[in-house]
Amino acid sequence: TTSEPEIQYVVLRTLSLFVKKYSNLFSDNMRVFFCKYNDPSYVKLEKLSIIVTTANPKNIQLVLNEFEEYCNSVDVKFVRKTIYSIGQLAINLKYATNRCVNILVKMVESKAEYAVEESIIVVSDLLRKFPGQFEGIIGTVCSNLELVKESRAKAAAIWILGEYSHLIENVDSILDPYLDTFQDEMPDVQQQILSA
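Pasting the structure below:
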């Protein structure tokens, strides 16, 4: 490894092309791609992509342990990308889905606004992909909606409210604040409000 992050980034970009074609190439030596606390954000994001591509049944627990640690970072963009990556792993590696969902629930409960928002987006994707499997997390999502400010996350949360309204107690009172701000919302949020 080099101490110059620019060179490291170029090498990682090149390696990411290799692992897309030969995903098992580095799966036994995945630790070399683990992020260091002092890596620049752009290097961390590139490493995340490589780790997701090379994850497999043998190393998935190691990867998820590492990703769970990454979620405690102060780098907001990195945490968001990590949560998104956990969602990718949940969809791509079915045997890891339950563990991924458990990590996402922790992120929603974390009360960190950006983590809650990204987790709700990923949870809505997982609820679409695995209908009927993870309905137990809906209560956790609903109890943390006051933290959701970003439009993509609002749209995802409102989709969950509409899609699972039969499971949510007082869903109409949860939706009311969104109706009050309908005119001020982004078009994707407005569309979800109408659908819900």
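Be aware that the sequence shown starts at 1030, since it is given in my numbering, and climbs by one per residue. Glycine included, each C-beta is placed from N, C-alpha and C at the ideal position.
Does the structure place the segment 1058-1072 close enough to the segment 1083-1098 that three or more beta carbon pairs sit under 8 angstroms?
yes
Alpha-carbon spacing of valine 1081 relative to isoleucine 1132, whole angstroms:
What you label residue 1081 is simply residue 52 of the sequence shown in a count that begins at 1. What you label residue 1132 is simply residue 103 of the sequence shown in a count that begins at 1. C-alpha separation (whole angstroms): 16 angstroms.
Cβ neighbours of lysine 1073 in the same chain (closer than 6 angstroms, five flanking residues each side left out)
Counted from its first residue, the sequence shown places residue 1073 at position 44. Excluding sequence neighbours, lysine 1073 sits near Cys1064, Phe1107.
Excluding five sequence neighbours on each side, which residues of the same chain lie with their C-beta closer than 8 angstroms to the C-beta of valine 1200?
Residue mapping note: residue 1200 aligns to position 171 of the sequence shown, counting from 1. Excluding sequence neighbours, valine 1200 sits near Leu1190, Ser1194.
Does the segment 1167-1176 touch the segment 1209-1223, meaning 3 or more C-beta pairs lie closer than 8 angstroms?
no
Quick check: the Cα distance between serine 1056 and leucine 1204, rounded to an integer number of angstroms?
Counted from its first residue, the sequence shown places residue 1056 at position 27. Counted from its first residue, the sequence shown places residue 1204 at position 175. Their Cα atoms are separated by approximately 45 angstroms.
CA-CA distance, proline 1206 and phenylalanine 1047?
Taking the first residue of the sequence shown as position 1, residue 1206 is located at position 177. Taking the first residue of the sequence shown as position 1, residue 1047 is located at position 18. Approximately 48 angstroms, taken between the alpha carbons.
Would leucine 1077 pass as a contact of alanine 1119 if the rule is Cβ separation under 7 angstroms?
Mapped onto the sequence shown, residue 1077 falls at position 48. Mapped onto the sequence shown, residue 1119 falls at position 90. The answer is no: Cβ separation not under 7 angstroms.
Between which residues of its own chain and tyrosine 1143 is the CB-CB distance below 7 angstroms, once the five residues before and five after are set aside?
Position 114 of the sequence shown, counted from the start, is the residue given in the question as residue 1143. Closer than 7 angstroms at the Cβ level, and outside the excluded window around tyrosine 1143, lie Val1105, Val1108, Arg1109.
Straight-line gap, glutamate 1033 to valine 1137 (C-alpha atoms, nearest Å)
Along the sequence shown, read from residue 1 onward, the residue named residue 1033 stands at position 4. Along the sequence shown, read from residue 1 onward, the residue named residue 1137 stands at position 108. Distance between the alpha carbons of glutamate 1033 and valine 1137: 36 angstroms.
Between the C-alpha atoms of leucine 1054 and proline 1216, what's the straight-line distance to the nearest angstrom?
For this step, residue 1054 is matched to residue 25 along the sequence shown. For this step, residue 1216 is matched to residue 187 along the sequence shown. When rounded, the distance between both Cα atoms is 43 angstroms.
Assuming isoleucine 1149 contacts valine 1170 under a Cβ cut-off of 8 angstroms, what Cβ separation, rounded to an integer in Å, is found between them?
As a first step, residue 1149 is located in the sequence shown; it is residue number 120 there, counting from the start. As a first step, residue 1170 is located in the sequence shown; it is residue number 141 there, counting from the start. Sure, about 6 angstroms apart at Cβ, within 8 angstroms.
Excluding sequence positions up to five away, which residues of its chain have a Cβ less than 7 angstroms from the Cβ of isoleucine 1167?
By one-based count along the sequence shown, residue 1167 stands at place 138. Counting only Cβ-Cβ distances below 7 angstroms, and skipping sequence neighbours, we find Ile1189, Tyr1193, Leu1196, Ile1197.
Thinking C-beta only, is phenylalanine 1096 closer than 7 angstroms to valine 1130?
Here residue 1130 corresponds to residue number 101 of the sequence shown, with the count starting at 1. Here residue 1096 corresponds to residue number 67 of the sequence shown, with the count starting at 1. No, they are not a contact pair.
So what does DSSP say about alanine 1141, is it helix, strand or coil?
Against the sequence shown, residue 1141 aligns to sequence position 112. Coil.
Please give the ranges of any alpha helix (DSSP H) in the segment 1099-1158, keeping only runs that are unbroken, at least 4 residues long and fully inside the region.
1105-1121, 1126-1138, 1142-1158
Looking at C-alpha atoms only, which residue of Ser1202, Asn1101, Lys1158 is the closest neighbour of leucine 1122?
Within the sequence shown, residue 1122 is the residue found at index 93, counting from 1. Nearest option by C-alpha distance: Lys1158.
Exposed unless 16 or more other CB atoms sit within 10 angstroms - verdict on leucine 1044:
Translated into the one-based positions of the sequence shown, residue 1044 becomes position 15. The residue in question, leucine 1044, is buried, as its Cβ has 16 or more Cβ neighbours within 10 Å.
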